[in-house]
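With the UniProt record's numbering, letter number 7 in the sequence shown gets 7, and the count goes up by one each step, no holes.
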Amino acid sequence: MRFTSLVIELIRARPRLIVWIAVLLQAAMWLLVALMFYRSPPGNLATLLAFGREYQVGTDLGPPLPLWLADIAYRAAGGHMLGVYVLAELCEIATFVALYHLARAVVGTQHAVLAVLLTMTALAFSSPALDFGPLILARPLWTLLLLHSWQIIGQRRGNAWFAWSIEAGLLLLTTPAAIFLLMLLVIFAFSTARGRKTLRALDPLFALIVVAVLALPYAVWLMRAETLVLPALPQISDLNARALHAAWLFGGLVLGTAAIPVLTFLNTGLFAGKSEEAPIIYRPPVEPLARNFVYFFALAPVIGAVLISGLLGLEAVVAGAGVVLVMSGLAVVVAAGDLIAMRRARMLRTVWAAAIVAPAAGVALAVLFLPWSGTGEIATSMPARAISDFFDDSFARRTNHRLRAVAGETQLASLITLHSGRPHLFIDAEPTRTPWMTPARFAETGGVVVWRASDTAGTPPPDILKRFPDIVPEVPRAFEWLVTGRQQLLRIGWAIVRPKGT
1 MRFTSLVIEL IRARPRLIVW IAVLLQAAMW LLVALMFYRS PPGNLATLLA FGREYQVGTD
61 LGPPLPLWLA DIAYRAAGGH MLGVYVLAEL CEIATFVALY HLARAVVGTQ HAVLAVLLTM
121 TALAFSSPAL DFGPLILARP LWTLLLLHSW QIIGQRRGNA WFAWSIEAGL LLLTTPAAIF
181 LLMLLVIFAF STARGRKTLR ALDPLFALIV VAVLALPYAV WLMRAETLVL PALPQISDLN
241 ARALHAAWLF GGLVLGTAAI PVLTFLNTGL FAGKSEEAPI IYRPPVEPLA RNFVYFFALA
301 PVIGAVLISG LLGLEAVVAG AGVVLVMSGL AVVVAAGDLI AMRRARMLRT VWAAAIVAPA
361 AGVALAVLFL PWSGTGEIAT SMPARAISDF FDDSFARRTN HRLRAVAGET QLASLITLHS
421 GRPHLFIDAE PTRTPWMTPA RFAETGGVVV WRASDTAGTP PPDILKRFPD IVPEVPRAFE
481 WLVTGRQQLL RIGWAIVRPK GT
């Protein structure tokens, strides 16, 4: 009697169910990691929230949409970071659901499941899961743009233009890399006969009007802020170093997708038993235009992003790895052929699950064991709630006023702004970054100045003392990490700038 894995049968009979189970389990896993091991936001998420609560049309962090959405999610959750983490996972879910619909239109429902599962391994290693920001929000928007672009060009569905225009406008409000991504869509459209025919209609004109209306406020801010300048090109003597940097960036992308070639190799006949009759997953033939569409948007974003980032000396690839790699799984499935034999299904499931769980397990292990090595700090182990409560209460007791602003070290000050009172962030080292709080206004409203204490007296760093010469340091406050281990307690030096009239 022939036995077929339940997962294989579900892929054949209920492909959409498999996709939903996989993406929901991954989202639940990361939310559980956040609840158990995150006592403070990852990355620069606290600073992003501090900027977002001001609802500026534009800041030096980029377009405003990620900042606004993060603040809305934070407020909707009652001032808890869980709301922002849920928002990040909703973006993750939306990305894979949109990718499934795109893949279904190209390779059919059963192969679409394989494309989603492969892409999940690539994005798990190459892009953040909970650090909400432009890189996370751009992923579902770009995937939806690809879906509706294919519906417009490949399936000739004119009713998709309105959704396309909304997504393009929102992408422009999300990441500066939107121009690069939209240019790729234009290049592909002009390079195909069907795309050129589509662009000769009136629908693209109406779509451009919608995009312009959505992006106009941010464009006006860019012109007023005088930030629309061309980046400086490297000197000839720097080209070798920039080329090496581009090679490292490309290597990082390849490493992020390592699970895909591993799974592909394990599914070859080398690992199949002699008597094994592997189940086959079928698909209808892929038309040439669809094949070109998939290959173009699997390769062009990667090559373009690496070249631009390497040429300009950027630390990471333009648009983020999660955006440029979102078509990688579908490209592999398209290249695999119309019939895919699933050999050693149990081993494939194990390797796939390990690839999905490994990043989350790495976070947990780092939080639990790295402090015992004494070699570094885990930023997410800072007790954000205890820090913000202490300084908010201390300021209120000393001045009988609500804390309205925080200055000093940006990372610590951003954590304090997460308190329910939501004081303003003031980056005193670069006041132009926080136009809502000037030095004169900070002196008027008062606030708290914080820094990492290097001694028991809490002596301020010279640069902070230069900007606030009249402050009187308080006794440093020590906070415990989530896991202290062999590292020192987190000691924060602080001083109060009293409001005028007190």
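Beta carbons are placed, not taken as given, at the ideal position from N, Cα and C, and that holds for glycine.
Distance between beta carbons of residue j and residue i, contact taken as under 8 Å
i	j	result
residue 448	residue 406	5 Å
residue 253	residue 302	6 Å
residue 339	residue 280	5 Å
residue 493	residue 450	7 Å
residue 126	residue 135	Going by Cβ atoms, the distance from residue 126 to residue 135 rounds to 10 Å, so no, they are not a contact pair.
residue 142	residue 181	6 Å
residue 210	residue 149	Not a contact, Cβ separation roughly 15 Å.
residue 15	residue 113	4 Å
residue 428	residue 467	5 Å
residue 29	residue 360	5 Å
residue 436	residue 54	5 Å
residue 158	residue 203	6 Å
residue 171	residue 145	7 Å
Continuous alpha helix (DSSP H) stretch holding residue i: start and end
i	result
residue 118	109-126
residue 351	345-373
residue 329	328-336
residue 299	288-312
residue 252	239-256
residue 50	45-52
residue 81	From DSSP, residue 81 is part of no alpha helix (DSSP H); its letter is neither H nor E.
residue 261	259-266
residue 132	That residue, residue 132, is in no alpha helix (DSSP H); it is neither H nor E in DSSP.
residue 18	15-37
residue 322	321-324
Own chain partners of residue i with C-beta closer than 6 Å, once the 5 adjacent residues on each side are dropped
i	result
residue 184	300
residue 497	446, 447
residue 177	318, 319
residue 47	414
residue 115	103, 329, 330, 333
residue 60	433
Residue range of the beta strand (DSSP E) that includes residue i
i	result
residue 442	Segment 439-445 is the alpha helix (DSSP H) holding residue 442; no beta strand (DSSP E) there.
residue 282	280-282
residue 407	405-408
residue 340	339-341
Neighbourhood of residue i by C-beta, 8 Å cutoff - its chain only, sequence neighbours within 5 removed
i	result
residue 173	63, 64, 65, 214, 215, 218
residue 443	497, 500
residue 42	128, 130, 131, 379, 380
residue 268	343
residue 460	449, 451, 468, 471, 473, 493, 495
residue 480	383, 489, 490
Buried versus exposed call for residue i [16 or more other C-beta atoms within 10 Å across all chains shown]
i	result
residue 393	exposed
residue 71	buried
residue 282	exposed
residue 1	Below a pLDDT of 50, predicted positions are generally treated as unreliable, and residue 1, at 39, falls in that range; the measurement from the model is reported next regardless. When all chains shown are included, residue 1 counts as exposed.
residue 438	exposed
residue 139	buried
residue 297	buried
residue 156	exposed
residue 246	buried
residue 236	exposed
residue 92	buried
residue 382	buried
residue 391	buried
residue 161	buried
residue 193	exposed
residue 409	buried
Beta-carbon contacts of residue i that lie in its chain and below 7 Å, excluding the five residues immediately before and after
i	result
residue 195	153, 188, 189
residue 17	10
residue 120	22, 26, 96, 356
residue 368	483
residue 351	262, 263, 266
residue 8	279, 342, 345
residue 376	370
residue 79	420
residue 250	306
residue 224	none
residue 32	none
residue 58	64, 218, 221, 222, 225
CB contact check: residue i to chain D, cutoff 8 Å
i	result
residue 263	Absent here is chain D; the protein component of the structure consists of one chain.
Could you name each continuous alpha helix (DSSP H) segment of 4 residues or more that falls completely within the stretch 145-226, going from the start of the chain to the end?
Assignment of alpha helix (DSSP H) within the stretch 145-226, counting only whole runs of 4 or more residues, yields 161-172, 178-191, 193-199, 203-225 in chain order.
What are the complete alpha helix (DSSP H) segments, minimum 4 residues, inside the stretch 451-489?
For the alpha helix (DSSP H) assignment, the uninterrupted runs of no fewer than 4 residues enclosed by the stretch 451-489 are, from N- to C-terminal side, 462-467.
Which ranges would you report for the beta strand (DSSP E) in the stretch 383-435 if only whole runs of at least 3 residues count?
The beta strand (DSSP E) runs of length 3 or more contained entirely in the stretch 383-435 are, from start to end of the chain, 405-408.
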